[in-house]
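Enquirer:
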Amino acid sequence: MDRWILSRCAGLAAAVEERLRDYDAFGATRSIDTFIEDLSTWYVRLSRKRFSRGVGADRAAAFATLHTALTTVARVSAPILPFLAEEMYQNLVVGARDGAAAPGAGAGHPHSVHLTRFPTAELGGLRNEPLEAAMATARRAVDLARTLRGNANLKVRQPLARMWLALPGGDLHELEALVALIADELNVRHVELIGDESDLVERRVKVLLPKVGKRLGTAIPAVMAAARTGAVEIAADGSVTLAGVTLAADEVEIMATPRPGTVVAHDDGLLVVLDTDLTADLLAEGDARELQRAIQDLRKDAGLDLDERIQLHVAGLARAVEDHLGSVAAETLADLVAAPPPGATVGTIGLAAGVATISLARIDAGAGPS
């Protein structure tokens with residue numbers, strides 16, 4: 239993640255400089271807006287645990303990377319948003335606001351963003367376009383899989399056993415490093431990259447006759463017969479070859495029929511297949527995650543901060559869900575107790591295995607688990 243967002247920083251600086259040289263302030267602003275969207279909805283969101291619970295060098299690297307990204311935004315925005323960019327720079331680098339010390343403050347750093355050099359040359363060595371392309375593919379896969387989950391009425395907190403990604407004709411090497419990220423983001427236990435999709439889906443091609451009829455002429459019967467039998471070659475660009483005739487991607491409609499127990503989606507050559515079979519173990523883990531969410535919501539209702547330790551009692555859980563209660567307690571900073579604690583805030587949640595009653599209260603200073 240760090241290498242990716244730093245590469246995006248380098249790309250942002252180059253793009254904004256190019257557009258400003260062409261007096262295209264609108265294009266430069268669009269580039270900045272897209273980067274901020276990537277930073278906030280992808281890098282920061284996926285790095286939350288590193289910021290809040292990370293330790294040592296990894297946590298420091300996450301904050302240092304975020305600092306670089308934010309200062310890059312300030313520096314490339316300076317010609318367009320001079321006052322906002324200066325405010326950001328003062329807070330991030332100079333640390334002048336309220337007398338606070340900021341990372342990067344001190345000798346060697348100009349005291350105004352408008353005295354800094356444009357960061358293109360400084361960041362150029364961080365550019366990694368293959369990684370950016372792989373991350374873009376990973377994000378497309380995540381979006382497709384989320385749509386599949388929604389269509390199949392599978393909640394995001396419900397773990398799934400397996401997911402397959404196929405990118406015919408594409409380079410899967412860079413994507414291999416992002417498999418764990420994809421699995422974590424989609425709550426899938428195992429993600430498999432495949433080159434041959436034939437074992438997962440059956441491809442059918444519908445020829446759009448209104449578009450190709452005049453061009454094909456007497457070849458239409460042979461082309462239609464090949465489409466019906468499945469004797470089709472599909473290229474990476476979406477074009478297909480039927481009976482020796484090549485049709486462009488917009489001249490056909492490609493339909494993918496999944497095998498039982500799976501759902502499938504495809505977009506511009508990328509194929510995503512989700513295993514929708516839910517075992518008892520998967521259902522129990524899904525209930526545990528819903529319980530964790532309910533505990534945190536109840537904590538907020540009780541006016542407790544997310545970093546405060548609590549006493550927790552849960553009643554009405556099925557045995558399979560009870561097996562996950564220890565990990566739920568660890569994630570919610572809770573000490574499990576045998577009975578509802580005094581003065582507890584109480585709530586209920588409907589789970590697949592039944593209704594559970596949650597009781598929680600702040601742990602008083604000096605108190606320990608009961």
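Numbering-wise (this note's numbering), the sequence shown opens with residue 239 and increments by one. Note that beta-carbon positions come from the ideal geometry of N, C-alpha and C, so glycine has one too.
Check whether the segment 449-458 and the segment 496-510 touch, using three or more Cβ-Cβ pairs below 8 Å as the test.
Expert: Taking 8 Å as the limit for Cβ pairs, the verdict is that the segment 496-510 does not touch the segment 449-458.
Enquirer: To the nearest angstrom, how far is it from the Cα of aspartate 296 to the Cα of threonine 358?
Expert: Stepping through the sequence shown from its first residue, residue 296 is reached at position 58. Stepping through the sequence shown from its first residue, residue 358 is reached at position 120. In a straight line, the C-alpha of aspartate 296 is about 26 Å away from that of threonine 358.
Enquirer: How far does the alpha helix (DSSP H) with aspartate 539 in it extend, from its first residue to its last?
Expert: For the purposes of this step, residue 539 is identified with residue 301 of the sequence shown, where counting begins at 1. Unbroken alpha helix (DSSP H) run through aspartate 539: 518-539.
Enquirer: Using the Cα positions of proline 578 and leucine 555, report the straight-line distance between them to the nearest angstrom.
Expert: The count along the sequence shown starts at 1 and reaches residue 578 at position 340. The count along the sequence shown starts at 1 and reaches residue 555 at position 317. Their backbone Cα atoms lie some 15 Å apart in a straight line.
Enquirer: Write down the C-beta distance between arginine 378 and aspartate 505 rounded to the nearest angstrom, noting that I regard them as a contact closer than 8 Å.
Expert: The residue you call residue 378 lines up with position 140 of the sequence shown. The residue you call residue 505 lines up with position 267 of the sequence shown. With a Cβ gap of about 6 Å, arginine 378 and aspartate 505 count as contacting.
Enquirer: Quick check: what's the CA-CA separation for tyrosine 327 versus alanine 567?
Expert: By 1-based counting over the sequence shown, the position of residue 327 is 89. By 1-based counting over the sequence shown, the position of residue 567 is 329. So the alpha carbons of these two residues sit roughly 40 Å apart.
Enquirer: Hey, would you say arginine 466 sits closer than 9 Å to asparagine 425, going by beta carbons?
Expert: For the purposes of this step, residue 466 is taken as the residue at position 228 of the sequence shown. For the purposes of this step, residue 425 is taken as the residue at position 187 of the sequence shown. Contact flag unset, no.
Enquirer: Measuring CB atoms only, is the segment 579-599 touching the segment 533-546, in the sense that at least three cross pairs come out at less than 8 Å?
Expert: Verdict: yes, contact present.
Enquirer: Between the alpha carbons of lysine 449 and arginine 441, how many angstroms are there, rounded?
Expert: Translated into the one-based positions of the sequence shown, residue 449 becomes position 211. Translated into the one-based positions of the sequence shown, residue 441 becomes position 203. When rounded, the distance between both Cα atoms is 21 Å.
Enquirer: Take alanine 307 and list the residues in its own chain whose beta-carbon comes closer than 6 Å to its own, dropping the five residues that flank it on each side.
Expert: To locate residue 307, count along the sequence shown from 1; it is residue 69. Same-chain partners within the cutoff: Ile243, Cys247, Leu277.
Enquirer: Determine the burial state of threonine 517: buried for a count of at least 16 other Cβ atoms within 10 Å of its Cβ, exposed for fewer.
Expert: The residue labelled residue 517 in the question sits at position 279 within the sequence shown. Exposed: under 16 other Cβ atoms inside 10 Å.
Enquirer: Would you mind listing the alpha helix (DSSP H) stretches within the segment 390-463 that are 4+ residues and don't spill past its ends, in chain order?
Expert: Counting whole runs of 4 or more residues, the segment 390-463 contains the alpha helix (DSSP H) stretches 411-414, 417-424, 447-454.
Enquirer: Sort His551, Arg600, Glu423 by Cα distance to arginine 387 and report the nearest one.
Expert: In the sequence shown, the residue the question calls residue 387 occupies position 149. Of the listed residues, the one whose Cα sits closest to arginine 387 is Glu423.
Enquirer: Within the chosen definition, does the segment 313-322 reach the segment 350-367 through at least 3 CB pairs nearer than 8 Å?
Expert: Verdict: yes, contact present.
Enquirer: Find out if the Cβ-Cβ distance for the pair asparagine 366, arginine 241 is shorter than 9 Å.
Expert: Looking up residue 366 in the sequence shown gives position 128. Looking up residue 241 in the sequence shown gives position 3. Yes; because the gap between Cβ atoms is below 9 Å, this pair is in contact.
Enquirer: According to DSSP, is serine 608 helix, strand or coil?
Expert: Within the sequence shown, numbered from 1, the residue matching residue 608 stands at position 370. For serine 608, the pLDDT reaches just 48, beneath the cut-off of 50, and the residue's location in the model is therefore unreliable, leaving the point undetermined.
Enquirer: Looking at the unbroken beta strand (DSSP E) that takes in methionine 493, where does it start and where does it end?
Expert: Along the sequence shown, read from residue 1 onward, the residue named residue 493 stands at position 255. Counting along the chain, the beta strand (DSSP E) containing methionine 493 begins and ends at 490-496.
Enquirer: Decide if valine 254 is buried, meaning its Cβ has at least 16 other Cβ atoms within 10 Å, or exposed.
Expert: Numbered from its first residue, the sequence shown carries residue 254 at position 16. Burial call: buried.
Enquirer: Flag this pair as yes or no: are the beta carbons of aspartate 513 and arginine 600 separated by less than 9 Å?
Expert: As a first step, residue 513 is located in the sequence shown; it is residue number 275 there, counting from the start. As a first step, residue 600 is located in the sequence shown; it is residue number 362 there, counting from the start. Contact: no.
Enquirer: Considering only residues of the segment 546-575, which uninterrupted beta strand (DSSP E) runs meet the minimum length of 3 residues and lie entirely inside it, listed in chain order?
Expert: Listed in chain order, they are 548-553, 572-574.
Enquirer: Opposite aspartate 271 in the DSSP bridges: which residues?
Expert: Here residue 271 corresponds to residue number 33 of the sequence shown, with the count starting at 1. Paired residues: none, contrary to the question.
Enquirer: Confirm the yes/no value for this check: CB of valine 450, any heavy atom of the ligand FAD, distance under 8 Å.
Expert: In the structure on display, the ligand FAD does not appear, and there are no ligands present to speak of.
Enquirer: Would you identify the three-state DSSP class for leucine 330, choosing helix, strand or coil?
Expert: As a first step, residue 330 is located in the sequence shown; it is residue number 92 there, counting from the start. DSSP places leucine 330 in helix when its eight states are reduced to three.
Enquirer: For methionine 373, which residues from the same chain have a beta carbon less than 6 Å from its beta carbon, with the 5 sequence-adjacent residues on both sides left out?
Expert: In the sequence shown, counting from the first residue as 1, residue 373 sits at position 135. These residues qualify, in order along the chain: Trp242.
Enquirer: Between the beta-carbon of valine 510 and the beta-carbon of leucine 413, is there less than 9 Å?
Expert: As a position in the sequence shown, residue 510 is number 272, starting the count at 1. As a position in the sequence shown, residue 413 is number 175, starting the count at 1. No, Cβ-Cβ distance for valine 510 and leucine 413 is not below 9 Å.
Enquirer: How far does the beta strand (DSSP E) with valine 584 in it reach, from first residue to last?
Expert: Against the sequence shown, residue 584 aligns to sequence position 346. Taken as a continuous stretch (DSSP letters only), the beta strand (DSSP E) holding valine 584 covers 583-589.
Enquirer: Distance check for leucine 431 and leucine 410, CA to CA, integer angstroms please.
Expert: The count along the sequence shown starts at 1 and reaches residue 410 at position 172. The count along the sequence shown starts at 1 and reaches residue 431 at position 193. Rounded to whole angstroms, leucine 410 to leucine 431 spans 7 Å at the Cα level.
Enquirer: From the DSSP output, read off the bridge partner residues of histidine 349.
Expert: Residue numbering aside, residue 349 sits at position 111 when the sequence shown is read from its first letter. Its beta-bridge partners do not exist; DSSP assigns none.
Enquirer: Can you list, in chain order, the residues of its chain with a C-beta nearer than 7 Å to that of alanine 503? Leave out the 5 residues immediately preceding and following it.
Expert: As a first step, residue 503 must be located in the sequence shown, where it is residue number 265. Around alanine 503: Leu382, Thr385, Leu386, Val510.
Enquirer: Can you pull the DSSP bridge partners for glutamate 360?
Expert: As a working note, residue 360 is residue 122 in the sequence shown. For glutamate 360, which the question treats as bridged, DSSP gives no partner whatsoever.
Enquirer: Less than 9 Å between the C-beta atoms of valine 461 and valine 445, yes or no?
Expert: What you label residue 461 is simply residue 223 of the sequence shown in a count that begins at 1. What you label residue 445 is simply residue 207 of the sequence shown in a count that begins at 1. Yes; because the gap between Cβ atoms is below 9 Å, this pair is in contact.
Enquirer: Classify threonine 303: buried if its beta carbon has 16 or more other beta carbons within 10 angstroms, exposed otherwise.
Expert: Residue numbering aside, residue 303 sits at position 65 when the sequence shown is read from its first letter. Buried: at least 16 other Cβ atoms inside 10 Å.
Enquirer: Express the C-alpha separation of threonine 279 and leucine 563 in angstroms, rounding to a whole number.
Expert: Numbered from 1 along the sequence shown, position 325 holds the residue referred to as residue 563. Numbered from 1 along the sequence shown, position 41 holds the residue referred to as residue 279. So the alpha carbons of these two residues sit roughly 30 Å apart.
Enquirer: Here's the rule: buried if 16 or more other CB atoms are within 10 angstroms of the residue's CB, otherwise exposed. What is leucine 284?
Expert: Start at 1 with the first residue of the sequence shown, and residue 284 comes out as number 46. By the neighbour-count rule (16 or more Cβ atoms within 10 Å), leucine 284 is not buried but exposed.
Enquirer: In the DSSP assignment, what are the bridge partners of histidine 504?
Expert: As a first step, residue 504 must be located in the sequence shown, where it is residue number 266. Answer by DSSP bridge pairing, in chain order: Leu509.
Enquirer: Count the other CB atoms, across all protein chains shown, that sit within 10 Å of the CB of phenylalanine 264; report buried if there are 16 or more and exposed otherwise.
Expert: Here the question's residue 264 lines up with position 26 in the sequence shown. The residue in question, phenylalanine 264, is exposed, as its Cβ has fewer than 16 Cβ neighbours within 10 Å.
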